[in-house]
Amino acid sequence: MTYLLKGETGDWEVVIGLEVHAQVLTNSKLFSGASAAFGAAPNSQVSPVDAGMPGMLPVINKECVTKAVLTGLGLNAKINNVSVFERKNYFYPDLPQGYQISQYQHPIVGNGEIEIDLADGTVKKIGVERLHLEQDAGKSLHDQHPQKSFVDLNRSGNPLMEIVSKPDMRSPEEAGAYVTKLRAIVRYLGTCDGNMDEGSMRCDVNVSVRKPGAELGTRCEIKNVNSVRFVQQAIEYEARRQIEVIEGGGKIVQETRLFDTKQGTTRSMRSKEDAHDYRYFPDPDLLPLVVNDNTIAEIKKTMPELPDAKKHRFIKDLGLSVQDASVLVQERDRAIFFEKAAQGHDAKLVANWLTTELLGALNKAEKELKDSPIKAADLGALVGLISDNTISGRIAKEVFAEMFATGKSPGMIVEEKGLKQVTDTGAIEKVVAEVLAENPDKVAEFKGGKDKLFGFFVGAVMKKSGGKANPGIVNDLLKKKLEQ
Amino acid sequence: MTKLTDLTIAGALDGLRKKEFTAVEIVDAHIKGAEAARHLNCFITETFDSAREQAKAADERYAKGVALPLDGIPIAMKDLFCTEGVQTTAASRILEGFKPPYESTVSGNLKKDGTISLGKANLDEFAMGSSNTTSGYGNVINPWKRKGDNKDLVPGGSSGGSAAAVSARMAMGATGTDTGGSIRQPAAFCGIAGIKPTYGRCSRFGIVAFASSLDQAGPFARNTEDCALLLKSMAGWDPKDSTSVNTPVPDYTAQLNAGVKGLKIGVPKEYRVEGTNPEIIAMWDKGVQMLKDAGAEIVNVSLPHTAYALQTYYVIAPAECSSNLARYDGVRFGKRVEGDNLIDTYENTRAAGFGKEVRRRILIGTYVLSAGYYDAYYNKARKVRKLIWQDFVEAYKKCDVLLTPTAPTPAFAIGENTQDPVTMYLNDIFTIPASMAGMPGMALPIGLSNDGLPLGLQLIGKPFDEETIFRVAQSLEKAAAFTAVPQNIVGKAA
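Encoded structure:
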């Protein structure tokens with residue numbers, strides 16, 4: 001399904017690449033022992049290293065290296081045995097050292113790729129160019145005082161992984177799916193909490209447009225876009241803007257732009273001419289970072305099953321549809337919930353109940369899966385009751401609503417409310433006889449050829465039995481009686 | 485009995501242990517000396533009161549028999565070492581009033597071993613200079629004078645205050661840092677001993693950075709044994725400095741008197757540089773003879789890339805300094821000169837806070853790292869640096885230690901050598917190659933020039949083999965029997 005934008009001169013293709021900054025999930029910062037936790041009082045988590053005090057030296061946090069390698073493995077990427085920290089030099093009050101320690105020519109992780117899942121059920125591979133470690137800057141606060149700007153250094157030195165994609169995306173949907181998948185991967189790995197609203201995952205979006213099949217156009221970079229929805233909005237707006245400029249006879253200038261979340265527009269921040277000369281050079285305070293193959297192998301052993309692998313297993317081994325499997329693996333919690341619920345039960349049916357009923361109900365109640373009143377085992381048990389004909393699908397919905405409201409187990413609800421399905425042929429036969437006796441005219445019509453009335457009889461029997469009669473038995477008996 | 489201020493560290497420790505005098509007496513004598521020679525401007529910040537307190541505590545430990553290895557020894561601390569709660573300026577006005585909330589590892593090690601700091605010694609601003617005339621707190625004056633000439637001479641730099649203080653008997657020892665010769669050249673100019681150990685031997689944590697890949701701390705003292713005692717205390721692996729090396733620190737005094745028999749002393753031909761003072765060349769020849777007489781084997785070696793070391797250094801060191809000094813922006817500590825906007829404030833602050841030489845090096849460094857110039861300058865310099873290192877590795881296949889001059893001239897007068905910066909930079913021509921290669925180097929006094937100034941030689945050793953340097957230095961020291969004392973110790977007022 002190709003996404004093309006119509007312009008006055010014909011169709012345009014959008015080319016998108018993403019740089020995602022993901023904060024490494026660690027207790028302390030990349031080069032100091034200060035806490036990297038979110039939300040503390042301003043400047044309460046700042047060591048002399050983070051404040052760029054004279055004579056202070058960075059010391060690499062091993063945990064960050066381990067998690068960067070783990071993330072690299074999760075992106076099916078090449079781990080580089082030797083990587084180099086360099087200094088990116090520029091002046092700003094929230095950059096205490098006057099340089100950011102980052103990786104430039106020699107990142108810790110090289111080429112990789114991930115699969116993204118699209119709404120039409122197709123899967124696309126998106127290349128990852130590199131992942132490198134770098135320290136975050138502090139935060140400038142311009143809205144606290146009419147004349148002054150304040151600086152909060154809590155974030156200064158926080159560990160970030162910058163994950164750079166190849167320009168492989170062609171639509172807002174693909175970009176959204178990429179961010180969603182990336183977030184799922186780091187959450188599965190436990191290397192980043194993926195909370196975009198807290199800024200622990202931020203995106204820079206590179207957008208250009210071209211006529212299908214033409215050379216790549218000039219790109220603009222939209223900085224710091226902080227939700228999947230905004231990423232998609234920003235791309236849509238920016239692509240339209242670029243098409244208008246080009247079709248109006250203008251040229252796209254390579255520049256950095258900002259996304260205005262209120263207006264849904266992008267505006268110029270600085271052009272390439274104003275770009276800093278960062279004067280990168282290897283940080284002489286840090287030796288080249290060496291991660292040998294043994295260490296990589298050790299880290300690999302700790303790798304959990306990732307969303308794509310899980311998805312393939314769900315499809316292949318459990319017979320789920322691509323759609324269901326994709327939805328289930330999107331969040332790690334969801335996949336875990338599913339596997340627990342499906343234990344010993346009909347997996348397809350469990351997937352159905354989870355994706356449509358439970359997620360729907362949670363969504364309506366504005367609750368997260370982790371706060372679900374229905375526990376995984378109980379959802380499985382409910383499906384079990386359907387499978388072994390204890391209750392019908394219709395009754396199951398009733399039981400489900402009760403479970404959601406009270407948190408009780410399905411077995412208890414069925415017992416308490418006497419909802420157990422009637423499979424006693426004698427009892428059903430009795431009801432069937434009653435229904436037929438009560439509707440002699442309909443029986444006559446049916447026998448006269450009005451086949452459609454069969455559904456009426458089924459409904460009447462079910463109603464009379466309080467919905468508990470086993471629908472299969474009802475069908476069989478009705479057929480037998482009516483054909484006599 | 486020897487005057488307390490003429491004692492060596494080893495001699496003082498011996499006397500303290502035998503209760504011949506007290507730490508309070510020693511510290512008082514040195515404080516008196518420092519007060520009498522204030523005109524030399526050795527200290528930016530004096531810490532005499534706390535020194536007296538510490539001396540009392542040291543005496544109590546001696547009385548209880550729990551004295552520390554260097555208990556009661558008065559030293560001067562180069563004002564590049566951050567000292568907790570004590571003003572640390574790096575001799576720059578931009579750090580005036582800055583009191584670090586932390587202690588450098590090296591100064592902490594010395595403190596832990598009982599040394600007593602009398603104050604923060606003057607230096608070239610941010611350790612950039614070879615004459616201690618770039619300090620924001622005034623020039624340091626060399627306690628030595630030329631015969632029949634009253635002109636004030638420079639003590640060398642950058643660790644000029646440290647070297648002058650030890651030479652002038654204000655302190656028994658001092659800390660220095662050496663980036664391209666900042667310990668060895670002032671030691672030579674002031675007629676004392678000083679060693680820059682192997683890069684990675686001492687922690688750089690808490691030392692105000694000049695050029696991180698070159699900066700290394702080391703001690704000054706009046707003889708080899710005292711340098712060995714101080715280095716033992718200063719050195720060691722520090723997890724807070726990723727470039728410090730985790731290798732054991734030997735007892736440097738253990739092999740001190742083992743002699744030089746069986747050792748091969750390399751004499752590099754490239755160090756016979758044109759323009760070098762002939763007296764220094766003669767002193768070098770004399771040093772070679774002394775070691776030969778003591779039983780060492782002399783071998784001629786070649787360090788072919790020596791001639792490129794200076795140029796390479798003046799690319800690498802400014803490049804690193806341009807980045808290291810970016811943090812002095814007036815935002816969080818030190819001086820701030822407000823402007824109309826952020827850029828203005830940066831410019832005002834840095835223009836007012838940095839002296840001319842520091843500004844010059846920041847500009848050079850910014851230039852050589854700039855897009856379009858990076859490969860031609862910085863990257864090329866890194867490649868040449870590797871070749872310089874390779875030179876030493878090759879030379880050490882033939883010898884154990886190299887013997888060279890330390891500086892091309894004896895101390896010069898304040899104001900000389902300032903016509904252009906390059907003349908000044910040439911002062912470090914013999915010390916820079918070892919710095920570029922990370923090799924340990926030691927300067928020690930051998931004799932006096934015709935006009936009465938100390939002349940010294942340099943020993944350059946294998947990585948982490950300071951022990952052999954000390955061994956050879958001890959042998960040279962015995963042969964040279966340098967006992968001259970500077971004239972200009974007591975101020976005119978005293």
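So the protein sequences, as listed, match chains A and B.
Everything in the first sequence is counted per my numbering, starting at 1 for the first residue and increasing by one.
Everything in the second sequence is counted per my numbering, starting at 485 for the first residue and increasing by one.
Using N, Cα and C, we set each Cβ at its ideal position, and we do this for glycine too.
**Prompt:** Going along chain A in order, which residues have a C-beta closer than 7 angstroms to the C-beta of Asp813/B?
**Reply:** Counting from one through the second sequence, the residue named residue 813/B turns up at place 329. Result: Phe91, Gly98.
**Message:** Run through the DSSP bridge pairs and tell me what Lys562/B is partnered with.
**Reply:** Locating residue 562/B in the second sequence gives position 78, where the first residue counts as 1. Answer is Ala605/B.
**Prompt:** Any Cβ of chain B within less than 8 angstroms of the Cβ of Arg155/A?
**Reply:** Residue numbering aside, residue 155/A sits at position 155 when the first sequence is read from its first letter. With 8 angstroms as the cut-off, Arg155/A does not count as an interface residue toward chain B.
**Asked** If you draw a straight line from the alpha carbon of Tyr830/B to that of Leu960/B, how long is it in whole angstroms?
**Response** Indexing the second sequence from 1 puts residue 830/B at position 346. Indexing the second sequence from 1 puts residue 960/B at position 476. If you take the alpha carbons of Tyr830/B and Leu960/B, they lie about 51 angstroms apart.
**Message:** Taking only three categories from DSSP, how would you classify Ala977/B?
**Reply:** Translated into the one-based positions of the second sequence, residue 977/B becomes position 493. Here Ala977/B scores only 37 on pLDDT, less than 50, and its place in the model should not be relied on; the value that follows carries that caveat. In the structure shown, Ala977/B sits in coil (DSSP, three-state: anything other than H, G, I, E or B).
**Asked** Run through DSSP, which three-state label would Phe11/A get?
**Response** One-based indexing of the first sequence puts residue 11/A at position 11. The identity of residue 11/A in the sequence shown is Asp, whereas the question assumes Phe. DSSP places Asp11/A in strand when its eight states are reduced to three.
**Asked** Nearest to Gln233/A by CA position, among Glu174/A, Ile185/A, Arg210/A, is which residue?
**Response** If you number the first sequence from 1, residue 233/A lands on position 233. Answer by Cα proximity: Glu174/A.
**Asked** Between the region 554-581 of chain B and chain C, which residues of the former have a C-beta closer than 9 angstroms to a C-beta of the latter?
**Response** Structure shown: chain C not included; protein chains present are A and B.
**Sequence-distant residues of its chain with Cβ nearer than 6 angstroms to Leu289/A (five each side left out)** = The sequence position of residue 289/A within the first sequence is 289, counting from 1. Closer than 6 angstroms at the Cβ level, and outside the excluded window around Leu289/A, lie Ser83.
**Message:** Quick check for students: name the residue ranges of the beta strand (DSSP E) that lie wholly in the region 508-554 of chain B, counting only runs of 3 or more.
**Reply:** 527-530
**Asked** So what's Met403/A in DSSP terms, helix, strand or just coil?
**Response** The count along the first sequence starts at 1 and reaches residue 403/A at position 403. Here Met403/A sits in helix by DSSP.
**Item:** Within chain A, the residues that Arg688/B reaches when beta carbons sit closer than 7 angstroms
**Value:** The residue you call residue 688/B lines up with position 204 of the second sequence. By Cβ distance, chain A contributes Leu57.
**Request:** Could you pull out every residue in the same chain whose Cβ sits closer than 7 angstroms to the Cβ of Ser372/A, ignoring the five residues on either side in sequence?
**Result:** Reading the first sequence from its first residue, position 372 is the one you call residue 372/A. Hits under 7 angstroms: Leu358, Leu362.
**Message:** Just to check my reading of the structure: Gln421/A and Lys468/A have Cβ atoms closer than 8 angstroms, yes? What is that Cβ distance to the nearest angstrom?
**Reply:** Within the first sequence, the letter at position 421 stands for residue 421/A. Within the first sequence, the letter at position 468 stands for residue 468/A. Contact flag correct, Cβ pair sits at about 5 angstroms.
**Message:** By alpha-carbon positions, which one of Lys946/B, Ile559/B, Phe966/B, Leu937/B ends up nearest to Ser717/B?
**Reply:** Residue 717/B sits at position 233 when you count from the first residue of the second sequence. Per the Cα distances, Ile559/B.
**Request:** Whole angstroms is fine: what's the gap from Ile676/B's alpha carbon to Lys635/B's?
**Result:** In the second sequence, the residue the question calls residue 676/B occupies position 192. In the second sequence, the residue the question calls residue 635/B occupies position 151. Roughly 21 angstroms between the two C-alpha positions.
**For Leu826/B, the three-state DSSP class (helix, strand or coil)** = Walking along the second sequence from the start, residue 826/B turns up at place 342. It is helical.
**Request:** Tell me whether Asp476/A sits in a helix, a strand or coil according to DSSP, three-state version.
**Result:** Residue 476/A sits at position 476 when you count from the first residue of the first sequence. Correct three-state label for Asp476/A: helix.
**Asked** Distance, Cα to Cα, Asp935/B vs Phe673/B?
**Response** Residue 935/B sits at position 451 when you count from the first residue of the second sequence. Residue 673/B sits at position 189 when you count from the first residue of the second sequence. The alpha-carbon atoms of Asp935/B and Phe673/B are separated by roughly 13 angstroms.
**Request:** Could you tell me which chain B residues have their CB closer than 9 angstroms to the CB of Ala177/A, listed as they occur along the chain?
**Result:** Along the first sequence, one-based indexing puts residue 177/A at 177. Near Ala177/A there are no residues of chain B at all, since even the closest Cβ is about 36 angstroms away, more than 9 angstroms.
**Asked** Which residues in the same chain have their Cβ closer than 8 angstroms to the Cβ of Ile1019/B, if we skip the five residues on either side of it in sequence?
**Response** What is shown of chain B runs 485 to 978, which leaves residue 1019/B out entirely.
**Request:** Determine the chain B residues that contact Ala51/A at a beta-carbon separation under 8 angstroms, and present them in chain order.
**Result:** Within the first sequence, numbered from 1, the residue matching residue 51/A stands at position 51. Neighbours of Ala51/A on chain B, chain order: Arg816.
**Prompt:** Ends of the alpha helix (DSSP H) at Lys79/A?
**Reply:** Taking the first residue of the first sequence as 1, we reach residue 79/A at position 79. The question names Lys, yet the displayed sequence has Ile at residue 79/A. Counting along the chain, Ile79/A falls outside any alpha helix (DSSP H), and DSSP gives it neither H nor E.
**Request:** Pull up the CB-CB distance for Ala575/B and Ile528/B, whole angstroms please, since I reckon it's below 8 angstroms.
**Result:** As a working note, residue 575/B is residue 91 in the second sequence. As a working note, residue 528/B is residue 44 in the second sequence. Right, the Cβ-Cβ distance comes to about 6 angstroms (below 8 angstroms), so this counts as a contact.
**Message:** Assuming contact is defined by CB atoms lying nearer than 8 angstroms, are Ser156/A and Val46/A in contact in what I supplied?
**Reply:** For the purposes of this step, residue 156/A is identified with residue 156 of the first sequence, where counting begins at 1. For the purposes of this step, residue 46/A is identified with residue 46 of the first sequence, where counting begins at 1. Result yes, Cβ atoms of Ser156/A and Val46/A sit closer than 8 angstroms.
**Request:** Can you grab the Cα-Cα spacing for the pair Asn489/A / Leu133/A, in whole Å?
**Result:** What is shown of chain A runs 1 to 484, which leaves residue 489/A out entirely.
**Request:** Count the other C-beta atoms from every protein chain shown that fall within 10 angstroms of the C-beta of Lys463/A, then say buried if there are 16 or more, exposed otherwise.
**Result:** Position 463 of the first sequence, counted from the start, is the residue given in the question as residue 463/A. Lys463/A is exposed by the Cβ-count criterion.
**Reduced DSSP category for Asn224/A - H, G, I as helix; E, B as strand; rest coil** = In the first sequence, residue 224/A corresponds to position 224, counting from 1. Three-state result, Asn224/A: strand.
**Asked** Using the rule of at least 16 other Cβ atoms within 10 Å of the residue's Cβ for burial, across every protein chain shown, is Pro703/B buried or exposed?
**Response** Translated into the one-based positions of the second sequence, residue 703/B becomes position 219. Pro703/B is buried by the Cβ-count criterion.
**Prompt:** Tell me the DSSP bridge mates of Asp260/A?
**Reply:** Counted from its first residue, the first sequence places residue 260/A at position 260. Paired residues: Thr265/A.
**Prompt:** Using a Cβ-Cβ distance under 8 angstroms, would Lys882/B count as near chain A?
**Reply:** Sequence index remark: in the second sequence, residue 882/B carries index 398 (1-based). For Lys882/B, the answer is no, since every Cβ of chain A falls outside 8 angstroms of its Cβ.
**Request:** Run down chain A in chain order and give the residues with a C-beta less than 8 angstroms from the C-beta of Thr850/B.
**Result:** Position 366 of the second sequence holds residue 850/B. Those within 8 angstroms of Thr850/B in chain A are Arg279.
**Prompt:** Beta carbon of Val24/A, beta carbon of Lys62/A: below 8 angstroms?
**Reply:** Against the first sequence, residue 24/A aligns to sequence position 24. Against the first sequence, residue 62/A aligns to sequence position 62. No, Cβ-Cβ distance for Val24/A and Lys62/A is not below 8 angstroms.
**Message:** Suppose you measure from the CA of Arg688/B to the CA of Leu602/B; what does that come to, to the nearest Å?
**Reply:** The residue you call residue 688/B lines up with position 204 of the second sequence. The residue you call residue 602/B lines up with position 118 of the second sequence. Taking the straight line from one Cα to the other gives about 22 angstroms.
**Request:** Report yes if the C-beta distance between Val350/A and Val383/A is below 8 angstroms; otherwise report no.
**Result:** For the purposes of this step, residue 350/A is taken as residue 350 along the first sequence, with counting starting at 1. For the purposes of this step, residue 383/A is taken as residue 383 along the first sequence, with counting starting at 1. Yes, the pair counts as a contact, with Cβ atoms nearer than the cut-off.
**Request:** Mind listing the chain A neighbours of Leu594/B? Cutoff is C-beta to C-beta under 7 angstroms, in chain order.
**Result:** Your numbering for residue 594/B matches position 110 in the second sequence. Chain A residues near Leu594/B: none, gap ~16 angstroms exceeds 7 angstroms.
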